[in-house]
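In our numbering, the protein residues as written are 206 to 864. Everything on this sheet refers to the single structure shown next.
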Amino acid sequence: MELIRNAIIHAHNQGMKKEEILETTFANLPQDLHNNAIEIINSLGIDDKFFNNLAELFNYIFYLVSQNQSDEAILNQLSSSCNLEQFGFAKYALRYININRIPSAWELENIQNELNLLSLEELIKRCDGIKNFAYKEIAYRTILQHLYRAFCSRKPIKWFIDIAHSTTSDERIIKYCDRVAVMVSQAQGTQPVALEAASNIEPISTTLEGKLIVDTLAEFKIAAEYLDVQIGPTFKRIKIKLAKGVSFKKIQDFGNDFVQQLGDVLNMDNAPMVSVVPGGVAIDIPRSNREIVYFRDRVDFSSPMDIHNTVIPGGVGVDGKYIDIPLSDENVTHILGGGRTRGGKSQFEKAAILYLARRYPPSVVRLALSDVKRVTFSKFSKLPHLIAPVAKDAASSAALFSLLVQHMEARYRSFEKARVETIGEFNHKHYPELIMPRIAVWVDECFDLLTDKEYCDAIELDMMKLLAKAGGAGIHMMFYTQRPDKNVINPLIRSNFPAKTAFATTRPEDSCIILGDDNTLAANLLGYGDFLYKTPTQIIRLQALYVGDAEEPEYFEQLLEEAINQEDNYTAWEPDEIEEFSEITNIKSNKANFDNSFGFEIKLDNESKNSIINLYNKGYEVDEIVKAIFNMSRQDGRYYKKYRAVVEEFLNEGETDDI
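In structure tokens form, the structure reads like this:
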């Protein structure tokens, strides 16, 4: 003890503070000598009291708790080094630390191992005595594992009710047991007695579903741990963590096995989406009680309008949060989208157009619509936001694109005069005296336009011009199709769309065309507005808003009427040197001139003719004939189209003319 006393005196003489002496002493002495060191410090009169303030006392108590000292030992030690006020504080601090302290990984593992050895009854009693919230969560999770095993072993309803109401007063454990009893009653077709929460079993049910997935993976030698769950309007996202050394590829293509093993239990007709999320792997399983996300419940027409941030409705994520899609964001600009029938594509387009027209006056947002099916956008034909009538065929769509190119060039001329580079800079410079409106271009079926024999070349040329430059000028291209084709929507076109909205697709290949990067996830979507929103920085699964124009025509018409008659207090920028739309609606002559300027002649010799007839008689398609004889494919662009046209003409007429 004399050595300890001399060391403390020496440290004090060297100018060390009391906290430093304490830290050094505790670090170099065994725990059973700590009290002796405190008594020596007090006897030397280094300070009237060992602790200068309550913060110092709190930190010291935290240190003792982390050393696994019992509450009794800590209070005995503090009784000789605290005044009455400090000792009273110490009791409350000790209780607070015991409840809220975050244990180390070793401590958590140790408590888990202890709890795993207990029976359910012993575990519930032990849980009642646990103070620390982290330990408590481990206990709850272990109890759920016991309940899951009991559920799978077909324990009767009464067993769960007895556990709930005779062994604990913990409301959380009681609800766990009651809800599992409800699940048993649903499975057995019997009614539980005296259950207050019989209608709300989602949390415990979903937890058990997660455990079921983990157990199924284990049967296939894939080790994983259930983490948690999120419940969105359309699906439940079960998050698991694969064991160390287990590659994501082992579970990536496991979807069909999930359907085979768990389809009946988890209400899965198709393979669930499996994806990587921060900290684990997400498995999305459909909700049996899927919610509809209504347009009228989510959109906001009352808050002040921001002309510098033009958005369209996105959807609701698995976390329940509503997300807008900002057209003015450089990560969006243009959107490529698509999906099969009943995927929700048309509802998404209608919701976006209706929102833009009702939210923004024509001086802020203009619209350009192409609807070759003639039914999707017909209700918007009277909007004052339209820069031209709704295009209903390839000819008028080609004219519309030509008009948009003129608008784009006129805008860049204005940028040059104003010494700015983008529409954002222009509007910030001239607002509120003058606003250059953004133009949202919606094409409902781009496949039909890009495969139209007469106008596809002109359309594709103007499309590429717009995709390359129009975004900075505030002209946003939104192209949608039910029939994604890699040869029609070629990689060059797809790469110029920064954002993608993929609805449920029929084939994985269709998903890859829309999303790129060989991403097949859209093939696992559930349809009816379930979609993926992808930008260069993120990909999110959302439930699109349902407009319900057929079910609620009065509401839809009301918004249209308000859009048509809304007050417009701004002065819109007007382009110079723009031809009237009616003057360019017939562009057949322009098409011919375009072809002539791309001039080369194709002559079929007798050998080529014989080869064409031979392959055609064998059942070859025109694309295959052109590939086999001329080594040309759709990727060769206009060259391929000319060769294809010659072959088609020869087959149709039985003979060929020079072109």
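Using N, Cα and C, we set each Cβ at its ideal position, and we do this for glycine too. Being a predicted model, the structure only gives us computed values, none of them experimental.
On the CB-based measure, 16 or more other CB atoms within 10 Å of its CB, does residue i come out buried or exposed?
{"i": "Trp647", "result": "buried"}
{"i": "Thr421", "result": "buried"}
{"i": "Cys661", "result": "buried"}
{"i": "Ile445", "result": "buried"}
{"i": "His681", "result": "buried"}
{"i": "Thr706", "result": "buried"}
{"i": "Phe736", "result": "buried"}
{"i": "Cys357", "result": "exposed"}
{"i": "Gly804", "result": "Any reading at Gly804 must be qualified, since the residue scores a pLDDT of 42, below 50, and its modelled position is unreliable; the value itself is stated next. By the 10 Å Cβ count, Gly804 comes out exposed."}
{"i": "Ile783", "result": "exposed"}
{"i": "Asn337", "result": "buried"}
{"i": "Gly548", "result": "buried"}
{"i": "Glu756", "result": "exposed"}
{"i": "Ile307", "result": "exposed"}
{"i": "Asn405", "result": "Bear in mind that a pLDDT of 42 at Asn405, under 50, signals an unreliable position, so the number given afterwards is only what the model happens to contain. Exposed: under 16 other Cβ atoms inside 10 Å."}
{"i": "Gly525", "result": "exposed"}
{"i": "Val470", "result": "exposed"}
{"i": "Asn632", "result": "buried"}
{"i": "Gln148", "result": "No information on residue 148 is available, as it lies outside the stretch 206 to 864 that the chain covers here."}
{"i": "Tyr297", "result": "exposed"}
{"i": "Asp722", "result": "exposed"}
Report yes if the CB atom of residue i is closer than 7 Å to the CB atom of residue j, and no otherwise.
{"i": "Ala562", "j": "Met613", "result": "no"}
{"i": "Ile719", "j": "Gly522", "result": "no"}
{"i": "Gln274", "j": "Gly520", "result": "no"}
{"i": "Met478", "j": "Asn724", "result": "no"}
{"i": "Leu328", "j": "Ile343", "result": "no"}
{"i": "Lys550", "j": "Tyr760", "result": "no"}
{"i": "Pro642", "j": "Val569", "result": "yes"}
{"i": "Gly734", "j": "Ala709", "result": "no"}
{"i": "Val498", "j": "Pro438", "result": "yes"}
{"i": "Ile628", "j": "Ala678", "result": "yes"}
{"i": "Ala704", "j": "Val537", "result": "yes"}
{"i": "Thr656", "j": "Val693", "result": "yes"}
{"i": "Ile366", "j": "Ala339", "result": "no"}
{"i": "Phe267", "j": "Ile302", "result": "yes"}
{"i": "Phe459", "j": "Arg492", "result": "no"}
{"i": "Asp871", "j": "Pro689", "result": "In the structure as shown, the chain starts at 206 and stops at 864, and residue 871 therefore has no counterpart that could be examined."}
{"i": "Val752", "j": "Lys555", "result": "yes"}
Name the two residues that bound the continuous beta strand (DSSP E) containing residue i.
{"i": "Phe684", "result": "Ile680 to Thr686"}
{"i": "Val479", "result": "Met478 to Val482"}
{"i": "Phe708", "result": "Ala704 to Phe708"}
Considering just the uninterrupted stretch of the alpha helix (DSSP H) at residue i, what are its terminal residues?
{"i": "Tyr751", "result": "No alpha helix (DSSP H) contains Tyr751, which DSSP labels as neither H nor E."}
{"i": "Val464", "result": "Gly460 to Leu471"}
{"i": "Ser583", "result": "Careful: Ser583 lies outside any alpha helix (DSSP H) and carries neither H nor E."}
{"i": "Asp333", "result": "Leu325 to Gly334"}
{"i": "Gly485", "result": "Careful: Gly485 lies outside any alpha helix (DSSP H), inside the beta strand (DSSP E) at Gly485 to Pro491."}
{"i": "Arg564", "result": "Lys550 to Arg564"}
{"i": "Ala369", "result": "Ile362 to Ser371"}
{"i": "Val827", "result": "Val827 to Phe835"}
Residues in its own chain within less than 7 Å of residue i by CB, not counting five upstream and five downstream?
{"i": "Ala216", "result": "Ile226 and Thr229"}
{"i": "Leu588", "result": "Ala562, Leu572, Ala768 and Ile769"}
{"i": "Asn514", "result": "Pro531 and Ser533"}
{"i": "Lys597", "result": "Asp576, Val577 and Arg579"}
{"i": "Arg501", "result": "Tyr760"}
Can you name the residues that DSSP bridges to residue i?
{"i": "Ile530", "result": "Ile517"}
{"i": "Tyr431", "result": "Ile445"}
{"i": "Thr740", "result": "Gln743"}
{"i": "Ile640", "result": "Ala777"}
{"i": "Leu541", "result": "Phe684 and Lys705"}
{"i": "Arg571", "result": "Ile644"}
{"i": "Leu591", "result": "Leu572"}
{"i": "Tyr499", "result": "Tyr751"}
{"i": "Ala596", "result": "Ser575"}
Closer than 8 Å by C-beta to residue i: which residues in its own chain qualify, once you throw out the five before and the five after it? Chain order, please.
{"i": "Ile528", "result": "Gly519, Gly520, Val521, Gly522, Tyr738, Ile745 and Leu747"}
{"i": "Lys658", "result": "Ala850"}
{"i": "Glu326", "result": "Ile368 and Thr372"}
{"i": "Val481", "result": "Phe453 and Ala487"}
{"i": "Asn461", "result": "Ala476"}
{"i": "Asn241", "result": "Met206 and Ile209"}
{"i": "His239", "result": "Thr230, Phe231 and Gln282"}
{"i": "Tyr848", "result": "Ile807, Val831, Phe835 and Met837"}
{"i": "Gly468", "result": "Asp474"}
For residue i, collect the residues of the same chain with a Cβ closer than 6 Å to its Cβ; drop the 5 residues on either side in sequence, then sort them by chain order.
{"i": "Ala448", "result": "Ala428"}
{"i": "Glu430", "result": "Lys446"}
Is the Cβ of residue i closer than 7 Å to any Cβ of chain D?
{"i": "Phe440", "result": "Included in the structure is just one protein chain, with no chain D present."}
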